[in-house]
Amino acid sequence: MTQRLAQRFRHFGGFVLAGAMALIVDIIVLQLLMSLAGLAAAMARLVAIAMAMVVSWLINRTVTFAVAAPPSWPEFSKFAAASWLAQAVNYGVFLVLLAAVPNLPAPLAVVGASLVAMVVSYVGFRYGVFRQSQADTSSGAQRL
Numbered sequence: 215m216t217q218r219l220a221q222r223f224r225h226f227g228g229f230v231l232a233g234a235m236a237l238i239v240d241i242i243v244l245q246l247l248m249s250l251a252g253l254a255a256a257m258a259r260l261v262a263i264a265m266a267m268v269v270s271w272l273i274n275r276t277v278t279f280a281v282a283a284p285p286s287w288p289e290f291s292k293f294a295a296a297s298w299l300a301q302a303v304n305y306g307v308f309l310v311l312l313a314a315v316p317n318l319p320a321p322l323a324v325v326g327a328s329l330v331a332m333v334v335s336y337v338g339f340r341y342g343v344f345r346q347s348q349a350d351t352s353s354g355a356q357r358l
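So in our numbering, the last spot in the sequence shown is 358, and the numbers never skip.
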């Protein structure tokens, strides 16, 4: 395997890993909040999304985009903005799926909605967050 191909595999494999791990956290937290705390799916999903976002940020910055600089508040803020935009799409699709298919289990609606939001996430992370992270390193961005 050429070095360039290996780098692409790591890059896209990292994105898939981050997304898969975030999806697992999303579904587990959703199910726990619904079954143990008695929250409705729509409310539980907001908390689940927030927790999954932190998992995604950590994996994307270290594996997908291999950012050498320490984590910073500006980077996390950009990631959070890109993530919440993608998750707004995700949440909207989730609600539409639940309304359109009333007997659809919530975890399946999460999977469908997450696939749609994946494209929005990648574009935001690639061009709006981690492209700038390396430039921030040289300017002395505030570390977390």
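Virtual Cβ for every residue (Gly too), placed ideally from N, Cα, C.
Outcome for residue i when other beta-carbon atoms lying within 10 angstroms are tallied against a minimum of 16
i, result
"Met257", "exposed"
"Ser353", "Because the pLDDT at Ser353 is just 45, under 50, the model does not fix this residue reliably, and the value given afterwards should be weighed accordingly. Looking at its Cβ environment, which holds fewer than 16 other Cβ atoms inside 10 Å, Ser353 is exposed."
"Gln356", "Any reading at Gln356 is ruled out, since the residue's pLDDT is 41, under 50, leaving its predicted position unreliable."
"Gly338", "buried"
"Asn317", "exposed"
"Ser347", "With a pLDDT of only 47 at Ser347, under the threshold of 50, the placement of this residue in the model should not be trusted, and no figure is reported."
Nearest-angstrom Cβ-Cβ length linking residue i and residue j, presumed shorter than 8 Å
i, j, result
"Ala295", "Ala331", "About 14 Å separates the two Cβ atoms, so there is no contact after all."
"Ala232", "Ile263", "Between Ile263 and Ala232 the Cβ distance is about 14 Å, and since that is not below 8 Å, they are no contact."
"Val333", "Phe308", "Contact flag wrong, Cβ pair sits at about 16 Å."
"Leu244", "Ala320", "6 Å"
"Phe402", "Arg275", "Absent from the model: residue 402. The displayed extent of the chain is 215 to 358, so no value can be given."
"Val281", "Met265", "About 21 Å separates the two Cβ atoms, so there is no contact after all."
Extent of the continuous alpha helix (DSSP H) run through residue i
i, result
"Asn304", "Trp287 to Ala314"
"Leu322", "Ala320 to Gly338"
"Gly252", "Per DSSP, Gly252 belongs to no alpha helix (DSSP H) and is neither H nor E."
Any non-hydrogen atom of the ligand FMN within 7 Å of residue i CB
i, result
"Val333", "Among the components of this structure there are no ligands whatsoever, and the ligand FMN is therefore not found."
Nearest to residue i (by Cα), restricted to the options the options
i, options, result
"Ala302", "Ile241, Val281 and Ser335", "Ser335"
"Ala236", "Leu260, Ser270, His225 and Gln221", "Ser270"
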